[in-house]
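Asks: My questions will all concern the structure given below.
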Amino acid sequence: MLKIELYNPELDKVETFTEGFVSARALRRVIEFGVKQETEVMNELEQLDELVALVASLFRSEKVNFDTIYDGIASDKIAEVLSGILQDVLGGEAKKKKAQMELAKVTE
Numbered sequence: 026m027l028k029i030e031l032y033n034p035e036l037d038k039v040e041t042f043t044e045g046f047v048s049a050r051a052l053r054r055v056i057e058f059g060v061k062q063e064t065e066v067m068n069e070l071e072q073l074d075e076l077v078a079l080v081a082s083l084f085r086s087e088k089v090n091f092d093t094i095y096d097g098i099a100s101d102k103i104a105e106v107l108s109g110i111l112q113d114v115l116g117g118e119a120k121k122k123k124a125q126m127e128l129a130k131v132t133e
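Numbering-wise, my numbering comes out as the position in the sequence shown, counting from 1, plus 25.
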């Protein structure tokens, strides 16, 4: 499950958004982003913009988008929040694989 907390300046409060289902396509986009970072030269602004767009695409809520992420996360927390979400996508897959391997051992 993915979770992001965004400050809403219009309501002067923090709103929490969750995404219970993370598709294989979402995992692919996260891996693709990692490959692109390793193989292409991007400046910090380009990297951050692509990361924000990627994270926004992982949530189905229209309230989680490029602008609300930039406006709703403190500057000193944005890297931590966004990388945490990517780790949740990647980690979720790793946990599934481990569980499948454990199940395979039991059923052999």
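Beta carbons are placed, not taken as given, at the ideal position from N, Cα and C, and that holds for glycine.
Does DSSP put Glu31 in a helix, a strand or coil?
Replies: It should be pointed out that residue 31 corresponds to Leu in this sequence rather than to Glu. Three-state result, Leu31: strand.
Asks: Given Leu31, which residues of its chain have a CB within under 6 Å of its CB, disregarding the five upstream and five downstream residues?
Replies: Result list for Leu31: Glu40, Thr93 and Gly97, in chain order.
Asks: So, helix, strand or coil for Phe42, using DSSP?
Replies: DSSP places Phe42 in strand when its eight states are reduced to three.
Asks: Should Glu57 go down as buried or exposed, given a rule of 16 or more other Cβ atoms within 10 Å for buried?
Replies: Classification for Glu57: exposed.
Asks: Compare the C-alpha of Ala51 against each of Asp101, Val106, Tyr95 and Met26 and name the closest.
Replies: Nearest C-alpha to Ala51: Met26.
Asks: Could you have a look at Val47 and say whether DSSP puts it in helix, strand or coil?
Replies: It is coil, neither helix nor strand.
Asks: Cβ of Leu107 within 7 Å of Cβ of Val80?
Replies: Closer than 7 Å, so yes.
Asks: For the putative contact between Arg54 and Ser82, defined by C-beta atoms under 8 Å, what is the C-beta separation to the nearest angstrom?
Replies: Arg54 to Ser82, Cβ: 7 Å. Contact.
Asks: By how many angstroms is the C-alpha of Val114 removed from the C-alpha of Ile103?
Replies: Distance between the alpha carbons of Ile103 and Val114 is about 17 Å.
Asks: The alpha helix (DSSP H) spanning Glu75 covers which residue range?
Replies: It spans Glu69 to Ser82 - the alpha helix (DSSP H) in which Glu75 sits, taken as one unbroken run.
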